[in-house]
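Participant: Residue numbers (my numbering): 3 to 240.
Cβ coordinates follow ideal geometry from the N, Cα and C atoms, glycine included.
Quick caveat: nothing in here was measured; it's all calculated off a predicted structure.
Please see the structure below; I have some questions.
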Amino acid sequence: MSRISRNLQAVHDSIAAAAGTVSRDPHEICLLAVSKTFGPDAVIEAAHAGQTAFGENYLQEALDKMTAVRAVQPALRLEWHFIGPIQSNKTRPIAEHFDWVHSIEREKIAQRLSEQRPAHLPPLNVCLQINISGEASKSGVPPEQALELAHAIAGMPRLKLRGLMAIPEPADTFDRQRAPFRQLRELFDRSRAEGLTLDTLSIGMSADMAAAIAEGSTMVRIGTAIFGQRDYANNRER
Ligand SMILES: *Cc1c(COP(=O)(O)O)cnc(C)c1O
């Protein structure tokens, strides 16, 4: 068994264990493999171990990787999720090449993605990125503006609003990790109570996955625990 397939198995075991402690069905929790800074070989190896959904932060790196994977394995059907910051002049290739975008924080970006989503593809699945840790992290919509943006996006024809995403500040205990996830889950519940049909809570990374699952995560975004430590020297866009 390769290192990546062993790691994937260990992550699935951790998801099942974390779900078990809060009496959740582990099948409610999708695993997104975050492959940024790793090459096409790592993606192909994970795909051969059964992984289908991959998350990327840097557009050019992701497009090159998709092309390289397709060249070697044309029959592989993968799902690509854009999870990084979005520049407004880069929306078209995102709309054309991705299945999901988790990092929507402005109406203008959403509008462009909806307009640029090709007609032959299904609507683009999107999550709003919420700034739940306040001043420390700069990305994401402030929670008090989230519902207004969510309602605007829900009316865009070529987008399918799926849920909320957040990246809280790193915290060293389970309870401290859990607190911001609880805030996000409460916002998620409020959005649904207002009639938004959301089904995705995109929270949990390698270091805080169990706390996110305890608060209802339906999609964990895991890089390091699957592929190993990242070397950003490999990434020209950073
Ligand atoms: C890099 C990244 C991840 C994965 O983080 P790990 O700690 O390596 O699991 C998840 N989500 C986002 C938005 C990221 O940028």
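(1) How many angstroms separate the CA atom of T226 from the CA atom of M158?
(2) Name the two residues that bound the continuous alpha helix (DSSP H) containing N9.
(3) Would you check whether ligand 1 has a heavy atom nearer than 7 Å to the C-beta of V128?
(4) Assuming L166 and S204 make a contact with CB atoms under 8 Å, what is their CB distance in whole Å?
(5) Helix, strand or coil for A55? Go by DSSP, reduced to three states.
(6) Please return the same chain residues whose Cβ sits closer than 7 Å to the Cβ of E30, not counting the five positions on each side in sequence.
(7) Mind checking V103: buried by the 16 CB within 10 Å criterion, or exposed?
(8) By Cβ distance below 7 Å, which residues in the same chain neighbour S208 in space, the five residues on each side in sequence not counted?
(9) Bridge partners for M221 per DSSP, in chain order?
(10) Indicate, with yes or no, if ligand 1 has a heavy atom lying under 7 Å from the CB of R180.
(11) Determine the direct distance from the alpha carbon of G41 to that of L65, and round the result to whole angstroms.
(12) Are the CB atoms of A156 and L115 nearer to each other than 8 Å?
(13) In terms of DSSP beta bridges, what is L126 paired with?
(14) Rounded to the nearest angstrom, what separates L130 and I169 at their Cα positions?
Facilitator: Quick answer:
(1) In the sequence shown, the residue the question calls residue 226 occupies position 224. In the sequence shown, the residue the question calls residue 158 occupies position 156. Taking the straight line joining both Cα atoms gives about 35 Å.
(2) By one-based count along the sequence shown, residue 9 stands at place 7. From DSSP, the alpha helix (DSSP H) with N9 extends over 5–23.
(3) By 1-based counting over the sequence shown, the position of residue 128 is 126. Because no heavy atom of ligand 1 lies under 7 Å away, the Cβ of V128 does not count as near it: no.
(4) In the sequence shown, the residue the question calls residue 166 occupies position 164. In the sequence shown, the residue the question calls residue 204 occupies position 202. The pair is a contact, with the Cβ atoms about 7 Å apart (cut-off 8 Å).
(5) The sequence position of residue 55 within the sequence shown is 53, counting from 1. Taken through DSSP and simplified to helix, strand or coil, A55 comes out as strand.
(6) For this step, residue 30 is matched to residue 28 along the sequence shown. For E30, the CB contacts under 7 Å within the same chain, skipping 5 residues up- and downstream, are T220 in chain order.
(7) Counting from 1 along the sequence shown, the entry for residue 103 is found at position 101. By the 10 Å Cβ count, V103 comes out buried.
(8) Locating residue 208 in the sequence shown gives position 206, where the first residue counts as 1. A distance below 7 Å between beta-carbons, with the five flanking residues on each side excluded, links S208 to the following residues of its chain, in chain order: I224, G225, T226, A227.
(9) The residue given as residue 221 occupies position 219 in the sequence shown. For M221, which the question treats as bridged, DSSP gives the partners C32, S204.
(10) Against the sequence shown, residue 180 aligns to sequence position 178. R180 Cβ: outside cutoff for every heavy atom of ligand 1.
(11) The residue you call residue 65 lines up with position 63 of the sequence shown. The residue you call residue 41 lines up with position 39 of the sequence shown. Answer to the nearest angstrom: the Cα atoms are 11 Å apart.
(12) In the sequence shown, the residue the question calls residue 156 occupies position 154. In the sequence shown, the residue the question calls residue 115 occupies position 113. In this structure, the beta-carbon distance from A156 to L115 does not fall below 8 Å.
(13) One-based indexing of the sequence shown puts residue 126 at position 124. Partner(s): L161.
(14) Sequence index remark: in the sequence shown, residue 130 carries index 128 (1-based). Sequence index remark: in the sequence shown, residue 169 carries index 167 (1-based). Spanning the alpha carbons of L130 and I169 requires a straight line of approximately 12 Å.
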